[in-house]
Each structure stands twice: as structure tokens, then as C-alpha cells.
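The structure under discussion appears below in the form of C-alpha cells.
Protein chains: 2
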Amino acid sequence: MHKKQVSVFIPDSFLSETSDLKLKTYKVGVIGRVLAVFNVNMIVIYKDLSQKDDKFVEDSDFMADVLGYMNTPQYLRKRAYPIKSELKHVGILPPLRTPHHPTDADVKVGEFRPGFTVKRNKKGTFVDIGMNGKENLAFCKEQLSVNKVFSFRITKVAKEIIVTPDEPNDVYWGYETLSTHKSLKNSLKLVNPDFVVETTRYADTINSIFNEFEEKLDSADKLAIVFGGPYSSITEELDGFSWDLIKVNTVPSQGTETVRTEEAVLATLSIVNMLLNSS
Amino acid sequence: MHKKQVSVFIPDSFLSETSDLKLKTYKVGVIGRVLAVFNVNMIVIYKDLSQKDDKFVEDSDFMADVLGYMNTPQYLRKRAYPIKSELKHVGILPPLRTPHHPTDADVKVGEFRPGFTVKRNKKGTFVDIGMNGKENLAFCKEQLSVNKVFSFRITKVAKEIIVTPDEPNDVYWGYETLSTHKSLKNSLKLVNPDFVVETTRYADTINSIFNEFEEKLDSADKLAIVFGGPYSSITEELDGFSWDLIKVNTVPSQGTETVRTEEAVLATLSIVNMLLNSS
Chain A
492 MHKKQVSVFI PDSFLSETSD LKLKTYKVGV IGRVLAVFNV NMIVIYKDLS QKDDKFVEDS
552 DFMADVLGYM NTPQYLRKRA YPIKSELKHV GILPPLRTPH HPTDADVKVG EFRPGFTVKR
612 NKKGTFVDIG MNGKENLAFC KEQLSVNKVF SFRITKVAKE IIVTPDEPND VYWGYETLST
672 HKSLKNSLKL VNPDFVVETT RYADTINSIF NEFEEKLDSA DKLAIVFGGP YSSITEELDG
732 FSWDLIKVNT VPSQGTETVR TEEAVLATLS IVNMLLNSS
Chain B
492 MHKKQVSVFI PDSFLSETSD LKLKTYKVGV IGRVLAVFNV NMIVIYKDLS QKDDKFVEDS
552 DFMADVLGYM NTPQYLRKRA YPIKSELKHV GILPPLRTPH HPTDADVKVG EFRPGFTVKR
612 NKKGTFVDIG MNGKENLAFC KEQLSVNKVF SFRITKVAKE IIVTPDEPND VYWGYETLST
672 HKSLKNSLKL VNPDFVVETT RYADTINSIF NEFEEKLDSA DKLAIVFGGP YSSITEELDG
732 FSWDLIKVNT VPSQGTETVR TEEAVLATLS IVNMLLNSS
């Protein structure tokens, strides 16, 4: 697995062509799957400035909820996501089946697991790491904020299971989700990438700038890949900031008049993933 | 646009994890879109031999119906697809917006259009090419089989509109759909490709055989790209036939335990499309 930080930016107008809640849920599920398939570290939902003020605030938060839900292991979902009507179709979401979603209820020393901080006392925090039995909690000797999901390493398995906050660095450990309600430019500033890939059909095709693209990817540490929405390509000017910018058309000779955001995300990540794995 | 014939093969078990008809329809719609985005000429649904006899015969025909429906221009859909309950959710299918789906009701000499053969007499065939007015038919001076969609070129625009069977060769003109109910091997024999790309996570990664892959693509004329289904990778042995075969993993370092067929199709076509456009 490559060691770069990869983030993907999509607009809050992503769901605007879909009114059916089940299909909206499914469409976001497609994005969640793609992030995990290609080891993406962060998904950022920015505000599409081409649309009327605050039109998609709710959609943006809905997308963040669904993506967060998918990224949460099965055993923590009920604790982390209390029932709400917008999430009533989450049952149709495909599982990620990533290493950070362990399916085994037995724990071993050295193993990593996401856990939910249930309660805290002076000595530390009780954590649900998905062991058999609802009240079977592990203990962390640090005072953590409660009602949150963190990642832990299991340090002792005895009568009491002891865990410490930690994350592995050799396997994919899921993605973070940000719903910024800010412009793309300001959302990028929050993440602070050193290299931004702007995907647009109006740029040079990937095949015509292949070597340049590969070299730039190679030297980047924090990569951001940004996509337009159903209404238009990216309308903001992203040149002239702290990051290096390349504009690229990753779908040369497209057979259709438009390429949908989810299609562009998968098509682009497929090529980027190939390149990141060849260096 | 490149001049190669590209066909994609997916198993009839493709929908087996989905029971909801609306989601089944949507999932097939994702495939239809991807075919058009990447200028694919043919989609073949083969029989997944890893599953019990004839388990997915209906799904296979359903997929063919939905894909055929999507490939049919709006103005011919009612004629070509009489109402059936399996197709009740076709309203959610995203439009292809390809050149073979003209939205203009005015016709010009030299223009190409799909048409539906409505009736025939001794002099020729009356064809619906989507002009204003339901009974406003064009005439073709050939006796064609009726109740079928063919492609036509408009040769005369006067009181009568005259058309002749023809297809353009410089724009993408949609895909053919085959539901074979046969094994992958026998389905491939029907199409008779000269180069077969077998996608499987157990093969060398695309980045490690990039140059070899590019050269083979380059010299192929009829390319077939074959995918496994939800139950397993491809189980049939495809080596030793008239075609050249390469096995390749197009999703190196996948973050998830499995890659879904629709994800693999998009990821693979993205890379193949880039390579076909660079030669």
C-alpha cells in the first residue's frame, strides 16, 4: 500500500438529480465503496457555488452521515448512529469489508480495532470494541471524550481487556468524512494538500499528459482529487494557491455528453491507483 | 474515437445480492451508462457456471431488457418495449445522452437516426424515426422485418422523408446486448474476439505488466473484457482457444476484501479507454 494521503472532493449537489431516498442512499453507497476499494483517506463534500445559497445543506449532511455510517464497523453502528428517518435505508448499503471492520468477536493482543467510548471515570475510559456481549467493554487508561469512535490497539487480554489509542500504518484503515458547507477553494485550504488534481473534460486528456501526471503524482505527499457536479464542471479558479495544480480529462473520447460524478470518481481513482502502485 | 470492437462480459449472477427490483434496475443502469461512457460496442451476459443450473435465467433476460431499453432512444421506447412489470422502474434509469439518442424532432439530409420498422408494403417499409407526430413516418425503399430497431441515414427531406439503412462510423452508436444463457467460453466463441482480457485479483497487477498490456491492446481488433460475479472470480479456463488471453488485476492493492463486478467494470474500462486513446 502506498503511503500518500489521498482525499476526494465532491459537491453538495451530487444528489440533486435524485429525489428517492433509497436511491440517494444507494448512490452515496457507491461512493463509499469506491473510497475503500482505492484506499482513499478522506472524502470532502464542498458547497457547489453554481447553485443557489444553501440549497444542498441537508444533502451534504445526509451524504456525510451515510458515508460515516458505512465507514463504521457493524458492531458500533447502533451506538454511533442513533435512529433517524434519513438513515432508514442504510440496510441496502453494501459492506466495505475492509480490515478496520473486523468480524471476529475474539480479540488478540496487538490487534487493532475501532471502538466506541461509552463512559469514563478517573482511571480511564470504557470502550466497546465489539466483543461478545453488549456490556463487555474494554478499558483504556486514558480519559477520552465519550460517545465517539476512535481506533485502538489491544495491549492486554486478561480478565480485563486493556486497549490504547492507536492506528495501524500498514493496512487501509478507512476514510474520514467532512461536510464543509464551504466553497471548494476554502475546503481545499482546510485539508491543505500539496497537489490538486482537477478533473474536467475541458482539460488535456490523461493519455496526452501521462508522464507529466505520473511524475507529479510521484512527488506529491498529500493529494486532493476534485470533481464537479451534475450542473457543471468546477467553476472556481483553483490556480495560484499553495498547492500545485493539474487539470486533466480522465475520460478521453467520452461516448456520452456528460460523465456523472460517481463515474468520474471511479474512472479517475482507477488510473491514479494504478500509477500510485507503480512507483 | 478508436476503431476497435470492444465487448464486455458479465455473469448472469450479477444481480444475485439484490432482491429489490428498483435497485436491480438501478444497478443495471450503472452498467449501461459505463458502456456508453467508454464507447463499448457489445455487452454479453453469460451463465455463471459456479451457480446452480438456470438459477439466473430470468435475471439474465431482465438485464438484457434494461440494457436494451437504455440503448433505445427515448422516442422509440414505447414501441420497442411494451409495458411489462419487470420494467416498471425504468423511469429511474439515467439517460445515456449519446449521439444515437437525438433529441431534435427536425430531421436533416445526411443525419443518422435509429428507427423502428412499423409496417411494410411492396415498395418498402415505414419507419418511425422520432419526427413530430406519432403517425409521421419515414419511408425506406427496402423491405425490412417489422417491429425492430435499425439505424438509418436520411437521404431525402421533402413531403416524404426517405431513409436508408446505414450507421455512422465516426461517432459512438450505442451497444448491442446479448443474453446467451451459455458458459463464458461458449459466449466468447459466439463473439469470436482476437484478444481476451480476463480480470482477476489473482493475476499480475496492471502496473507490473503495463507495457505488455498496452502492446497487446494495440494489436487487437476485437477485444473482449471478461468479469466474474459476486460468488467468485472467473472459474472457467479460457486459455487454449483461438484468441490471445491476458489475465490482469486492474485494482492493485484493493482496500476491500472484494471488488464488485460494477466497480471492476468501470475501473478496468477506465484504464483500457486511456490506453486505446493513446495509440
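Protein sequence lines, in the order shown, are assigned to chains A and B. First residue of the first sequence? That's 492 in my numbering, and the numbers climb one at a time after it. First residue of the second sequence? That's 492 in my numbering, and the numbers climb one at a time after it. Think of the CB as a built atom: it goes at the ideal place given N, C-alpha and C, for glycine as much as any other residue. Model, not experiment: these values are computed from the prediction.
Beta-carbon proximity list for residue i, same chain, < 7 Å, skipping 5 on both sides
i, result
"Leu526 of chain B", "Val499, Ile534, Tyr666"
"Lys676 of chain B", "Glu727, Leu729"
"Gln565 of chain B", "His592"
"Val528 of chain A", "none"
"Arg570 of chain B", "Phe607, Asp619"
Local Cβ density within 10 Å of residue i, reported as buried at 16 or more and exposed below that
i, result
"Pro573 of chain B", "exposed"
"Gln745 of chain A", "buried"
"Gly582 of chain A", "exposed"
"Val452 of chain B", "What the structure shows of chain B is the stretch from 492 to 770, and residue 452 of chain B is not part of that stretch, so it cannot be assessed."
"Ala758 of chain B", "buried"
"Ser517 of chain B", "Before going further, note that residue 517 of chain B is Tyr rather than Ser in the sequence given. The residue in question, Tyr517 of chain B, is buried, as its Cβ has 16 or more Cβ neighbours within 10 Å."
"Asn562 of chain B", "buried"
"Thr594 of chain A", "exposed"
"Asn764 of chain A", "buried"
"Ser510 of chain A", "exposed"
"Ala649 of chain B", "exposed"
"Gly719 of chain B", "buried"
"Tyr722 of chain A", "exposed"
"Glu689 of chain B", "buried"
"Thr747 of chain A", "buried"
Residue i at chain B interface by Cβ criterion, 8 Å
i, result
"Thr691 of chain A", "no"
"Val742 of chain A", "yes"
"Glu667 of chain A", "no"
"Gly719 of chain A", "no"
"Ile534 of chain A", "no"
"Leu714 of chain A", "no"
"Tyr663 of chain A", "yes"
"Tyr496 of chain A", "Residue identity differs from the one stated: residue 496 of chain A is Gln in this sequence, not Tyr. No, Gln496 of chain A does not count as interfacial toward chain B."
"Tyr517 of chain A", "yes"
"Arg588 of chain A", "yes"
Sequence-distant residues of the same chain with beta carbon closer than 8 Å to residue i, five excluded per side
i, result
"Phe553 of chain A", "Leu506, Lys515, Val519, Glu577"
"Glu703 of chain A", "Ile737"
"Asn530 of chain A", "Met492, His493, Val497, Tyr663, Asn764"
Chain A residues whose Cβ lies nearer than 8 Å to that of residue i
i, result
"Glu754 of chain B", "Arg524, Val525, Val528, Leu757"
Partners in chain B for residue i, counting only beta-carbon separations shorter than 9 Å
i, result
"Phe701 of chain A", "Met765, Ser769"
Distance between residue j and residue i (C-alpha atoms, nearest Å)
i, j, result
"Asp695 of chain A", "Ile620 of chain A", "48 Å"
"Lys832 of chain B", "Thr671 of chain A", "Only positions 492 to 770 of chain B appear in this structure, which leaves residue 832 of chain B out of reach."
"Phe643 of chain A", "Thr608 of chain A", "11 Å"
"Ser551 of chain B", "Asn532 of chain B", "19 Å"
"Lys613 of chain A", "Phe630 of chain A", "12 Å"
"Ser724 of chain A", "Val687 of chain A", "15 Å"
"Arg604 of chain B", "Leu584 of chain B", "22 Å"
"Lys707 of chain A", "Val682 of chain A", "19 Å"
"Ser710 of chain B", "Trp734 of chain B", "12 Å"
"Leu628 of chain A", "Leu669 of chain A", "29 Å"
"Glu549 of chain B", "Val717 of chain B", "21 Å"
"Asp539 of chain B", "Thr741 of chain B", "21 Å"
"Thr752 of chain B", "Arg524 of chain A", "12 Å"
"Gly615 of chain B", "Lys513 of chain A", "48 Å"
"Arg692 of chain B", "Gln542 of chain B", "20 Å"
"Glu658 of chain A", "Pro684 of chain B", "48 Å"
"Ile652 of chain A", "Glu633 of chain A", "14 Å"
"Thr646 of chain A", "Ala596 of chain A", "16 Å"
"Val598 of chain A", "Ser769 of chain A", "35 Å"
"Ala715 of chain A", "Lys680 of chain B", "44 Å"
"Lys575 of chain B", "Gly731 of chain A", "56 Å"
"Val637 of chain B", "Phe617 of chain B", "9 Å"
Residue i: CB within 7 Å of a non-hydrogen atom of the ligand FAD
i, result
"Glu754 of chain B", "With respect to the ligand FAD, the structure shown offers nothing to examine, as it has no ligands at all."
8 Å Cβ cutoff, residue i in contact with chain A
i, result
"Ser761 of chain B", "yes"
"Glu748 of chain B", "yes"
"Lys513 of chain B", "yes"
"Gln565 of chain B", "no"
Listed by chain order, chain B residues near residue i by CB distance under 8 Å
i, result
"Asn698 of chain A", "Met765, Leu766, Asn768, Ser769"
Cross-chain neighbours of residue i in chain A, by beta carbon under 9 Å
i, result
"Pro585 of chain B", "Glu508, Arg751"
Amino acids of chain A, ordered along the chain, whose beta-carbon sits closer than 7 Å to that of residue i
i, result
"Gln745 of chain B", "Val528"
Contacting residues, own chain, Cβ-Cβ under 6 Å from residue i (five flanking each side not counted)
i, result
"Pro590 of chain B", "Val662"
"Arg611 of chain B", "Gln634, Val637"
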